[in-house]
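Everything on this sheet refers to the single structure shown next.
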Amino acid sequence: MSEIYDIGYRHYDGPRLGRGHTTLALTVHSLRGVFGLGRPARGKIVPFALAAIMVLPAVVSIAMMALLRQRGMSYSGFAVFMQAVLAIFLAAQAPTVVAPDLRFRVLPLYLSRPVTITEYVGAKVVAMTLALYALLAVPMTVMFLGELLVDLPGAPRTKEYAGAMVTGLLLALLLAAFGLAIASLTPRRGLGVASVIAVYLLASASVPILYGTLLSAGNDDAARWAWLINPFWLVDAVQVWLFGTSPNSEGGYPGGPVSFVIVVLLIAAAAAALALRYRKAASR
Numbered sequence: 017m018s019e020i021y022d023i024g025y026r027h028y029d030g031p032r033l034g035r036g037h038t039t040l041a042l043t044v045h046s047l048r049g050v051f052g053l054g055r056p057a058r059g060k061i062v063p064f065a066l067a068a069i070m071v072l073p074a075v076v077s078i079a080m081m082a083l084l085r086q087r088g089m090s091y092s093g094f095a096v097f098m099q100a101v102l103a104i105f106l107a108a109q110a111p112t113v114v115a116p117d118l119r120f121r122v123l124p125l126y127l128s129r130p131v132t133i134t135e136y137v138g139a140k141v142v143a144m145t146l147a148l149y150a151l152l153a154v155p156m157t158v159m160f161l162g163e164l165l166v167d168l169p170g171a172p173r174t175k176e177y178a179g180a181m182v183t184g185l186l187l188a189l190l191l192a193a194f195g196l197a198i199a200s201l202t203p204r205r206g207l208g209v210a211s212v213i214a215v216y217l218l219a220s221a222s223v224p225i226l227y228g229t230l231l232s233a234g235n236d237d238a239a240r241w242a243w244l245i246n247p248f249w250l251v252d253a254v255q256v257w258l259f260g261t262s263p264n265s266e267g268g269y270p271g272g273p274v275s276f277v278i279v280v281l282l283i284a285a286a287a288a289a290l291a292l293r294y295r296k297a298a299s300r
């Protein structure tokens with residue numbers, strides 16, 4: 017003889033916000049994690065210290081404009097000049113976005129709700145992109161506002177600022193997709209940090225070697241392609257093509273939209289690799 021017990025379960029009759037709200041909540045949660053919000057104080061030291069370092073050149077530029085009546089750092093060259101800080105931020109924080117879910121194997125729990133792998137990966141990439149873009153956009157905007165307030169002779173560099181803001185978003189997306197794809201290869205945060213840094217150092221170190229070798233061989237056209245190995249100079253080449261800014265590399269870049277095509281292909285490849293990694297992890 018069977019018996020039925022009332023253990024207090026009740027049907028949920030509140031609002032159902034749908035998959036879009038779930039994806040947005042995951043994006044906000046991941047973005048908070050990048051900056052250590054909701055974590056102990058030691059989790060906030062690295063991201064906020066690096067963010068403060070990113071703002072320092074803007075403060076120095078404003079001081080130069082106010083005291084020396086000279087224009088400070090160019091907007092188009094800001095990302096290239098600060099690439100080491102951005103790379104360290106990406107290496108330090110990208111594993112915090114992907115490693116915990118992989119290490120503690122909670123992906124099946126996430127995917128038990130109406131969230132697809134594509135939406136999950138998209139939320140992670142968007143969160144990391146917004147964090148990197150904030151590190152670029154805030155100091156450039158501070159510098160631009162300072163230029164307007166100081167009122168130097170001549171027109172403000174509005175076009176250069178706008179171009180740097182657009183290509184800065186493209187750079188942030190490229191770095192986020194690639195950084196997360198590399199960091200997702202291991203559930204260990206330390207290994208993820210080392211992997212991202214190693215890839216950046218390899219790309220940075222190979223550029224001057226290849227460029228110098230090809231240039232000494234008299235192959236100037238091929239030497240320009242060497243700059244595109246580094247993502248910062250790759251996006252700078254897109255900026256030169258779209259907005260006609262001065263290149264921040266020696267000798268310039270290959271002409272035409274080839275750099276933009278390479279960026280799009282790299283972002284697509286990194287996002288696909290990240291999705292495949294999560295699909296494999298979720299199936300275990």
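When we follow the working numbering, the leftmost residue of the sequence shown carries the number 17, and every step to the right adds one.
Every residue gets a Cβ at the ideal spot worked out from N, C-alpha and C, and that includes glycine.
Skipping 5 residues on each side, what residues in its chain have a beta carbon closer than 7 Å to that of G208? Here the set comprises A110, P111, A115, A199, T202.
CA-CA distance, A298 and P124? Approximately 6 Å, taken between the alpha carbons.
In its own chain, which residues sit with a C-beta less than 6 Å from the C-beta of G162, not counting the 5 before and 5 after it? Exclusion of the five residues before and after G162 leaves I78 as the residues of its chain whose Cβ lies within less than 6 Å of its Cβ.
Every unbroken alpha helix (DSSP H) within the stretch 102-176, with a cutoff of 4 residues, ordered by chain: Correct list: 123-127, 133-166.
Per the contact definition of three or more C-beta pairs closer than 8 Å, is the stretch 224-241 in contact with the stretch 155-170? No, the stretch 155-170 is not in contact with the stretch 224-241.
Express the C-alpha separation of P31 and T145 in angstroms, rounding to a whole number. Straight-line Cα distance between these residues: approximately 30 Å.
Enumerate in chain order the residues of its own chain whose CB-to-CB distance from L106 is below 7 Å, with the five nearest sequence positions on each side excluded. Annotation for L106: L148, L191, G195, V212 place their beta carbon closer than 7 Å to its own, counting only its chain and skipping 5 residues before and after.
For L201, report the span of its alpha helix (DSSP H) as first-last. That residue, L201, is in no alpha helix (DSSP H); it is neither H nor E in DSSP.
Evaluate contact between the stretch 88-106 and the stretch 270-282, counting only Cβ atoms and requiring at least three cross-stretch pairs below 8 Å. They do not touch, by the three-pair rule.
Coarse secondary structure for H37, derived from DSSP in three states: Look at H37 here: in three-state DSSP terms it is helix.
Going by DSSP, what residue range makes up the alpha helix (DSSP H) through I78? That run of the alpha helix (DSSP H) goes 58-79.
Who are the near neighbours of Y227 in its chain, counting only those whose CB is closer than 6 Å to its CB and skipping five residues on each side? Here Y227 has A239, A242 as same chain residues with Cβ atoms under 6 Å from its own Cβ, once five neighbours each way along the sequence are excluded.
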